[in-house]
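Visitor: When we follow our numbering, the leftmost residue of the sequence shown carries the number 1358, and every step to the right adds one. For every residue, glycine included, the Cβ atom is placed at its ideal position computed from N, Cα and C. Every value quoted in this text rests on a predicted model; they were computed, and no experiment measured them. After the structure tokens below, expect a handful of questions from me.
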Amino acid sequence: MKNLIDQVARKFNRARFLNVASKILATPPLALGHDNGAVVATMLQHKDMLMYLLALKSFARWIPVSRVVVVNDGSLGSEDLRILAAHVPGIKLLALEKFRSDQCPVGGCWERLLAITELTREAYVIQLDADTLTLGDLAEVREHVQVARPFTIATWDKQEIEPMAMATESAKESLSRHPNKHVQLVTEASFAQLTDYQNLNYVRGCAGFMGFASGSLDRRIIECFSKEIRSIVGPVWETWGSEQVMANIMLANAPDAVVLPHPRYCDCNRILEKETKFVHFIGSCRFSDKTYIRMAQKVTTDLLIIAGYLPKSP
1358 MKNLIDQVAR KFNRARFLNV ASKILATPPL ALGHDNGAVV ATMLQHKDML MYLLALKSFA
1418 RWIPVSRVVV VNDGSLGSED LRILAAHVPG IKLLALEKFR SDQCPVGGCW ERLLAITELT
1478 REAYVIQLDA DTLTLGDLAE VREHVQVARP FTIATWDKQE IEPMAMATES AKESLSRHPN
1538 KHVQLVTEAS FAQLTDYQNL NYVRGCAGFM GFASGSLDRR IIECFSKEIR SIVGPVWETW
1598 GSEQVMANIM LANAPDAVVL PHPRYCDCNR ILEKETKFVH FIGSCRFSDK TYIRMAQKVT
1658 TDLLIIAGYL PKSP
């Protein structure tokens, strides 16, 4: 019974969110082309269109953006493309199937990672998930972009990039206490079987919000890691979540990479109202209550006020 009630509540909250988020369509187009700005890349599906525009416009309010790139998962229709072109002038759309490799899994956001890898040949690229929301000034991110420093959103307070040897021991301990077959934990617990793992780093970040400096990603290295990990963990490497493990590996071993302060940047399970400025509304808590609705309402109202479409509050 509780599960049924939860399902109904989430469905209701999603409907209310979409009603609030639709107001983003009344805001003016983004102003892009900033010198030394970041390229913002997202893999997008039809059902996340409003969510995405809210994520992108709230982010671009605080961070200079030079270009916007969308990897079309194949579900975007002609109306979606029209809306994107109207709100994001010069947006570049990439076809999913053009970013695949025989050495990497298909699906599960791997095409996004390989597309971003290509983009980093000439630019600083930020992966921005559609289910994120910027609530205030992101001074740390702005600085990281300016000095070309890679970053990732954290999972817990005071998190740092650590030696892979340390990360794999923690994963083994966690797996022994809570046995499961999720690809992330299984792979992390198997790192000691990787060639040269003692000279590598790791961070349990989140691919939903990462910044990659130009030249920090290499397709050949990604393919080599993927091939080796698949030989170690087997078919589980083909399941959802493996791309995030790979993104974590690549980010952690990029020069000068850092972890953003938590919970200033966090997921929706760890929000501190007076401190959090950036939220990743992951599926488990996205519509579990009215937080996303309330914050989306505040962000859209602020954007409309800035555009002069609504009066400032007295």
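#1: Please list the terminal residues of the continuous beta strand (DSSP E) segment that includes Thr1491.
#2: Restricting to Cα atoms, I'd like to know which of Trp1597, Gln1601 and Lys1669 is closest to Ala1511.
#3: Identify whether Pro1520 lies in helix, strand or coil by the three-state DSSP scheme.
#4: Would you say the segment 1641-1655 touches the segment 1377-1387, given that touching needs at least three Cβ pairs under 8 Å?
#5: Can you tell me the Cα-Cα spacing of Gly1390 and Leu1413, whole angstroms?
#6: Where are the alpha helix (DSSP H) runs, 4 residues long or more, that stay fully inside the segment 1372-1450, in chain order?
#7: Identify every residue that forms a DSSP beta bridge with Asn1556.
#8: From Ser1583 to Val1428, what distance separates their C-alpha atoms?
#9: Just how far apart, CA to CA, sit Ala1496 and Ala1398?
#10: For Ala1578, tell me which candidate among Asn1556, Arg1561, Ser1588 and Met1603 has the shortest Cα-Cα distance.
#11: Can you tell me whether Cys1466 is buried or exposed? The criterion is at least 16 other CB atoms within 10 Å of its CB, across all chains shown.
#12: Whole-angstrom Cβ separation of Asp1430 and Met1408, contact assumed at under 8 Å?
#13: In whole angstroms, what is the alpha-carbon distance linking Leu1557 and Met1521?
#14: For Gln1364, count neighbouring Cβ atoms within 10 angstroms of its own Cβ and tell me buried if that reaches 16, exposed if not.
#15: Can you tell me where the alpha helix (DSSP H) holding Leu1470 begins and where it ends?
#16: Applying the 10 Å Cβ sphere with the 16-neighbour rule, what's the burial state of Ala1443?
#17: So if DSSP puts His1637 in a beta bridge, which residue, or which two residues, is it bridged to?
#18: Tell me whether Ser1533 is buried or exposed, calling it buried when 16 or more other Cβ atoms sit within 10 Å of its Cβ.
Guide: Quick look at the numbers:
#1: Looking at the DSSP string, the run of the beta strand (DSSP E) that includes Thr1491 is Thr1489 to Thr1491.
#2: Of the residues Trp1597, Gln1601 and Lys1669, the one whose Cα lies closest to the Cα of Ala1511 is Gln1601.
#3: Here Pro1520 sits in strand by DSSP.
#4: Taking 8 Å as the limit for Cβ pairs, the verdict is that the segment 1377-1387 does touch the segment 1641-1655.
#5: Approximately 15 Å, taken between the alpha carbons.
#6: Segments of the alpha helix (DSSP H) lying fully in the segment 1372-1450: 1406-1417 and 1435-1444.
#7: None; Asn1556 has no bridge partner.
#8: Approximately 21 Å, taken between the alpha carbons.
#9: Approximately 20 Å, taken between the alpha carbons.
#10: Sequence check: residue 1578 is Ile here, not Ala. The shortest Cα separation from Ile1578 among Asn1556, Arg1561, Ser1588 and Met1603 belongs to Met1603.
#11: Classification of Cys1466: buried, given that the 10 Å Cβ count is 16 or more.
#12: Their Cβ separation, rounded to whole angstroms, is 14 Å, which puts Asp1430 and Met1408 out of contact at 8 Å.
#13: Distance from the CA atom of Leu1557 to the CA atom of Met1521, rounded to whole angstroms, is 6 Å.
#14: Result: exposed.
#15: Counting along the chain, the unbroken alpha helix (DSSP H) around Leu1470 starts and ends at Trp1467 to Leu1476.
#16: The residue is exposed, with fewer than 16 neighbouring Cβ atoms inside 10 Å.
#17: BP columns for His1637 point to Thr1489 and Asp1624.
#18: Answer is exposed; the Cβ neighbour count stays below 16.
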